[in-house]
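Trainee: Numbering-wise, the sequence shown is residues 153 to 1099 according to the working numbering.
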Amino acid sequence: MSQSTSAATVVRTAPQQDLMNELNFFLKGASKKEPSSQVDLTKSALTLLKCLPPTKVAVFEYFRGVFENAAKGYVQGLETEINTGKLPPPSEIDELMVSEIHTVLSTLIADNPVAWTPTISTWSLELLGEISTKYCGRAHFSSNLNETLQLWMGCRATRTLMDINTKCLSSLIHSNTEACISALLDTSVKHSPNFDWVVAHVGSCFPNTVITRVLSVGLKDFCQNKSYEQGSNSPKLKSVVGILGHLAGSHAEDIRKALLDIFTASISENVQDTDINRLQKKATVPYILQLIHLSSTLLSSICQDIKEFLTTDTITRLYHFVEDWCRYFGTPEALQEILIGLILRCETGGDQIIRLMLDCILITKSEEEIKNNIVETSKELLTTVLQDMEESVRHNNAVDLINSFSKEIPQLVQMLLNSEKVVYDTAAKIVLLLGHTNPSILVTVLQSLLKSSTTDNQLVILLKFLTSDLIDKTVLPYSEKGGHFSLVLEEILNRNVQKFCTSNEENLDLSLMWNNLLKLLRWEQSGKVPLLNSKVITRSLQANLPSLTALLRHEVLHVHVIADILDTMEIPVQNGPYNPPIEVVLNLTQSTVNYFFQCCKDDGTALKLKGYKKANTMLKRLCTYSKVAKVLALRELLERALFRADNVLFGAKNNEMGNENEKYLLKQNKKINKTIPLTKHSTVFNGGIIGTGKRKSICYDRFPAHVISDNIAQLINAIKACCALPEEHKYTDMSWDSMTLLSLLLVQFVSPDVMYNGLPWPEEEFSKVTMERDLFIRRMFSNTPLLWDLLSFVAVYRPAICYCSVLIRALTATLIHQWKSMGEQSKDDDSEHYKNLMDTTIRVIDVMALGQLLPPPLSSTRDVLPYLKCYEIVAVLRECIWCYMRDHIPSPALFACDSNGVHWRDPVNARPPEVYTNTLRIIMQRNIKTLGHMYAQMFINVPTHES
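1) DSSP three-state call for HIS398: helix, strand or coil?
2) Is there contact between the segment 526-542 and the segment 482-497, where contact requires at least three CB pairs shorter than 8 Å?
3) When you compare only the Cα positions, how much space is there between GLY1106 and SER1043?
4) Is it true that the CB of LEU673 sits closer than 8 Å to the CB of ILE613?
5) How about MET886 and TYR949: are their beta carbons less than 8 Å apart?
6) Along the alpha helix (DSSP H) that carries TYR1023, what are the first and last residues, could you check?
7) Residues in the same chain with beta-carbon distance under 8 Å from ARG787, minus the five sequence neighbours each way, listed in chain order, please.
8) Between LEU514 and VAL527, what straight-line distance do the alpha-carbon atoms span, to the nearest angstrom?
9) Can you tell me whether DSSP reads CYS288 as helix, strand or coil?
10) Buried or exposed for ILE953, going by 16 or more other Cβ atoms inside 10 Å?
11) How many angstroms separate the CA atom of SER715 from the CA atom of TYR747?
12) Which residues bound the alpha helix (DSSP H) around TYR949?
13) Check whether the segment 1064-1077 and the segment 990-999 touch, using three or more Cβ-Cβ pairs below 8 Å as the test.
14) With distances taken Cα to Cα, identify the nearest neighbour of LEU510 among LEU639, LEU662 and GLU572.
15) Between VAL1026 and the rest of its own chain, which residues show a CB-CB distance below 8 Å, the 5 nearest in sequence each way excluded?
16) Since TYR1068 is in the alpha helix (DSSP H), which residue starts that stretch and which ends it?
17) Identify whether ALA550 lies in helix, strand or coil by the three-state DSSP scheme.
18) Counting only the same chain and skipping the five closest in sequence on each side, list residues whose C-beta sits under 8 Å from that of GLY975.
19) Would you kindly report the start and end of the unbroken alpha helix (DSSP H) that includes ARG1038?
20) Do three or more CB pairs link the segment 774-788 to the segment 735-747 at distances below 8 Å?
21) Please confirm whether GLY370 and LEU389 have their CB atoms less than 8 Å apart.
22) Alpha carbon to alpha carbon, what distance is there between THR361 and ILE407?
23) So what does ALA876 bridge to, in DSSP terms?
24) Keeping to the same chain, check which residues put their C-beta closer than 7 Å to that of PRO698; ignore five residues upstream and five downstream.
25) Counting pairs of Cβ atoms below 8 Å between the segment 935-945 and the segment 857-870, do you hit three or more?
26) For the alpha helix (DSSP H) holding VAL783, just list the boundary residues, first then last.
27) Under a three-way DSSP split, which group does CYS1140 fall into?
28) Hey, could you find the ends of the alpha helix (DSSP H) GLU676 is sitting in?
29) Near GLU657, which residues of its chain fall below 8 Å by C-beta distance, leaving aside the five closest residues on each side in sequence?
30) With distance defined between alpha-carbon atoms, name the residue in PRO912, LEU1020, HIS710 and CYS320 nearest to ILE272.
31) Mind pulling the beta strand (DSSP E) runs of 3 or more residues that sit fully within the segment 576-624?
32) For GLN504, which residues from the same chain have a beta carbon less than 6 Å from its beta carbon, with the 5 sequence-adjacent residues on both sides left out?
33) Since GLY1107 and SER243 are thought to touch, with beta carbons under 8 Å apart, how far apart are those beta carbons, to the nearest angstrom?
34) Determine whether the beta carbon atoms of GLY394 and SER344 lie at a separation below 8 Å.
35) Is the beta carbon of GLU642 closer than 8 Å to that of ASN696?
36) What did DSSP end up calling HIS1055 once you bin it into helix, strand or coil?
Structure (structure tokens):
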């Protein structure tokens, strides 16, 4: 039903005379020709509005005064409260009139929305704009949108106007909201920013409707602009920006969806489109660009997931609209300028924007001409963006786009690892710009590159980061710690050291990282990479040597490559440019020893052999540099090979590998009665446990003989490396002091106490006093065959063997006692015990002969003993060997040092007196049938000095 039809119906149903009276009363009262009650006048106006619609202009004008008066009273009340602290009560007359008007207008909107909504909505919005502008700056009203909204919603008059306007929009929500939204925009243009609170409230009530309609109205207005200046300065466009900006706080997703919808609609083709529709579709992208150009909030909302609506396919479809867009910006250059400006202002989604440009550069699916144009334009756009960013950074100007990348570091790293040059070059430029202002980001990226690079090009990018002039090398704390790369290594190494020191189960694959680090170090030392002339890799490694060397002690998976790095660094070097602190020297020494034992545990491969060589090279370098390192290295090598779990690698019978639940009788007795008088070296033989049967013999896991032999040979080589002279000599390669140290360490480790550890040999009877200690030493040699090899090694480099006198003396003493207790039938039975005893005796004499402690012919007794009876062996050991050693103290003074630095005893001059050989001579004469050939060599064909 139209407005005129409705009015006619109302006129016919109401008495005409009454309406005339109401009209005269209203006119006289409103014009103040006659005094009248405001409440009666309002009721009269409402009657006229319902029954005589043509009077609506005058009635709404009167209502304007009612609402303005009510708003004035509210503002004055607030000001009174500010001054006095008390809020006066609102006017009951104003409240009553506003309530009556509200009721009637709500009824009219509900009964006939098509007729009344546009008029009432326009009137209410205009009135709200005027009131907001009139009282701006008074009372508590300020520029704060939320505070202003709360204050005006506390006013009955403005709250009623807002409610009326909301009902207008609600009534036309599914039909025609165009008029209401247009009025909202017009009013916003006229009264902004004082009117913003109204827009915010309306938008929060109908976000989807308001956002969609506001965009639609704004687009229609934008299409009608005939020039770029007119479009960019359009008041309605700015009003659209203002409204959407206010709604973006709580309805950013709705705005983003609405923008995406109109963009999607603009690139869709429909044969039913009118000319106006086609014009709007062509103007949509320029319209959106102008919106986000005027509002950073809208720009942020649209940039969050730009990849959802902008792809290379979309770009290809939009290519045909570019010429039409230029009309809205004046020139293609202006369009490009606004695009670059928008890109630089993006606070989020920088990665997606750059990726889109890169995808366009690498586009393949398109017509050749279109593809070439898109590629060239994208290259130009990307180059300009990067140049502008760099210029801004060099002038210390903030760029939003650069800051957006600080939240997208993983994406940048992936771009750096891309195989396309344009992609990783672009990412590298962005990382450098980020690193200029935020070095911690650069360190993070460098870590990722070091751990993930698989090609030389990627490592070159890492080097460019370290040497770029955009990176400030003096900034703290990087300058204090040796540079950015030093901090990269510090974080990686500390994290890995911490992994071994705690129960952290994090297990990262760092194979690439270690190999890349080694490659960089080798590049630097080759001198063929100009970027590494500053020795940045070496300096960074030197700054982190404490952690690096500590890591080698714990690491298992990457132990060979870490050793490669330390070996390649060639530290320490006497009188070299870098003198490592003592902590590093000791760490490196212990780590190298640990690396040696790791190599022993590896399978027999070329990598294992290279590992031995590296370990020996590093040990030699360390031990010639520092005496402390030499002592530590020898001590660690001996202790681990003799006493720790590693001793099984060298053939030891490791008691720790026995039954952990084994019960020891001595300990049980001590628990039962702590007053049992036991001597210091008490021994209790445990034959078994009552109830569990006879004690079981311990079975040892033995390595194959060839493995043990190889390990022993490599250990001797490692000890040689520790004892080597700094420079090569023609006749000797071992340091006499080092060999002496090795001898003393052997005595320290093997002999259980310090009593009677001197060089002299006492009377043979005195061995009864040291028998328990001698037996302990003998058991050590039996359980740890490596000791024989070590003793033989020392004997070769005489006179160091002299300091092992106590060990040889203990072995000889136990042999004498054991041979005395042997029955002759043992030899006849060819028992295992006899064989072991004979082998041990021959070994001892071999060592003494090798070290020239025994001169000829005593040194040859090892060949005679297998043919003698037990009592004859005892006689030779006691009356010949023991007596000679007793009277000729095994002292270094017995050895002369020639011009070549070799210590030796002349066998002719050192030949013993007959008193020490008579017993041997007589015994051999008794056995002349079997020993005749040896007798001649030992006693007849004796070499003499030529006169």
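Ideal placement from N, C-alpha and C gives every residue a C-beta, glycine not left out.
Mentor: Well, looking at it:
1) Within the sequence shown, the letter at position 246 stands for residue 398. DSSP places HIS398 in helix when its eight states are reduced to three.
2) Judged by pairs of C-beta atoms under 8 Å, the segment 526-542 touches the segment 482-497, as three or more such pairs exist.
3) Residue coverage of the chain in this structure runs from 153 to 1099, which leaves residue 1106 outside it and unanswerable.
4) Position 461 of the sequence shown, counted from the first residue, corresponds to residue 613. Position 521 of the sequence shown, counted from the first residue, corresponds to residue 673. No, these two residues do not count as a Cβ contact at 8 Å.
5) What you label residue 886 is simply residue 734 of the sequence shown in a count that begins at 1. What you label residue 949 is simply residue 797 of the sequence shown in a count that begins at 1. In this structure, TYR949 lies closer than 8 Å to MET886 by Cβ.
6) Residue numbering aside, residue 1023 sits at position 871 when the sequence shown is read from its first letter. Note, TYR1023: alpha helix (DSSP H), 1022-1027.
7) If you number the sequence shown from 1, residue 787 lands on position 635. Within the same chain, ARG787 has close Cβ partners LEU897.
8) As a working mapping, residue 514 is identified with position 362 in the sequence shown. As a working mapping, residue 527 is identified with position 375 in the sequence shown. Rounded to the nearest angstrom, the two C-alpha atoms are 7 Å apart.
9) Taking the first residue of the sequence shown as position 1, residue 288 is located at position 136. Reduced to three states, the DSSP call for CYS288 is coil.
10) For the purposes of this step, residue 953 is taken as residue 801 along the sequence shown, with counting starting at 1. So ILE953 counts as buried.
11) Counted from its first residue, the sequence shown places residue 715 at position 563. Counted from its first residue, the sequence shown places residue 747 at position 595. Sequence inspection shows Ala at residue 715; the Ser mentioned does not correspond to that position. Answer to the nearest angstrom: the Cα atoms are 8 Å apart.
12) Here residue 949 corresponds to residue number 797 of the sequence shown, with the count starting at 1. Neither: TYR949 is in no alpha helix (DSSP H) and is coded neither H nor E.
13) no
14) Translated into the one-based positions of the sequence shown, residue 510 becomes position 358. It is GLU572 whose Cα lies nearest to the Cα of LEU510.
15) Position 874 of the sequence shown, counted from the first residue, corresponds to residue 1026. Same-chain partners within the cutoff: ILE968, TRP971 and LYS972.
16) The residue given as residue 1068 occupies position 916 in the sequence shown. Premise fails: TYR1068 is in no alpha helix (DSSP H) and is neither H nor E.
17) Along the sequence shown, read from residue 1 onward, the residue named residue 550 stands at position 398. In the structure shown, ALA550 sits in coil (DSSP, three-state: anything other than H, G, I, E or B).
18) Here residue 975 corresponds to residue number 823 of the sequence shown, with the count starting at 1. For GLY975, where only same-chain residues beyond five positions count, the Cβ hits under 8 Å are CYS1022.
19) For the purposes of this step, residue 1038 is taken as residue 886 along the sequence shown, with counting starting at 1. Per DSSP, ARG1038 belongs to the alpha helix (DSSP H) from 1035-1039.
20) yes
21) Taking the sequence shown and counting its residues from 1, one reaches residue 370 at position 218. Taking the sequence shown and counting its residues from 1, one reaches residue 389 at position 237. It is a contact, given that the beta carbons lie within the stated cut-off.
22) Residue 407 sits at position 255 when you count from the first residue of the sequence shown. Residue 361 sits at position 209 when you count from the first residue of the sequence shown. Taking the straight line joining both Cα atoms gives about 11 Å.
23) Position 724 of the sequence shown, counted from the start, is the residue given in the question as residue 876. The partner list for ALA876 (beta bridge, DSSP) reads MET886.
24) As a position in the sequence shown, residue 698 is number 546, starting the count at 1. For PRO698, where only same-chain residues beyond five positions count, the Cβ hits under 7 Å are GLU735, VAL736 and ASN739.
25) yes
26) Position 631 of the sequence shown holds residue 783. Note, VAL783: alpha helix (DSSP H), 779-794.
27) Given a span of 153 to 1099 for the chain in the structure shown, any question on residue 1140 remains unanswerable.
28) Walking along the sequence shown from the start, residue 676 turns up at place 524. Its alpha helix (DSSP H) spans residues 663-678.
29) Here residue 657 corresponds to residue number 505 of the sequence shown, with the count starting at 1. Residue placement at GLU657 is poorly supported in this model, since its pLDDT is 43, which falls under 50; the coordinates still yield a value, given next. Hits under 8 Å: none found.
30) In the sequence shown, counting from the first residue as 1, residue 272 sits at position 120. Across the set PRO912, LEU1020, HIS710 and CYS320, the C-alpha of CYS320 shows the shortest separation from the C-alpha of ILE272.
31) none
32) Within the sequence shown, residue 504 is the residue found at index 352, counting from 1. These residues qualify, in order along the chain: ILE458 and LYS459.
33) One cannot answer for residue 1107 here, as it falls past the ends of the chain, which runs 153 to 1099.
34) As a first step, residue 394 is located in the sequence shown; it is residue number 242 there, counting from the start. As a first step, residue 344 is located in the sequence shown; it is residue number 192 there, counting from the start. Yes. Within cutoff.
35) Within the sequence shown, the letter at position 544 stands for residue 696. Within the sequence shown, the letter at position 490 stands for residue 642. Contact flag set, yes.
36) The residue you call residue 1055 lines up with position 903 of the sequence shown. It is a strand residue.
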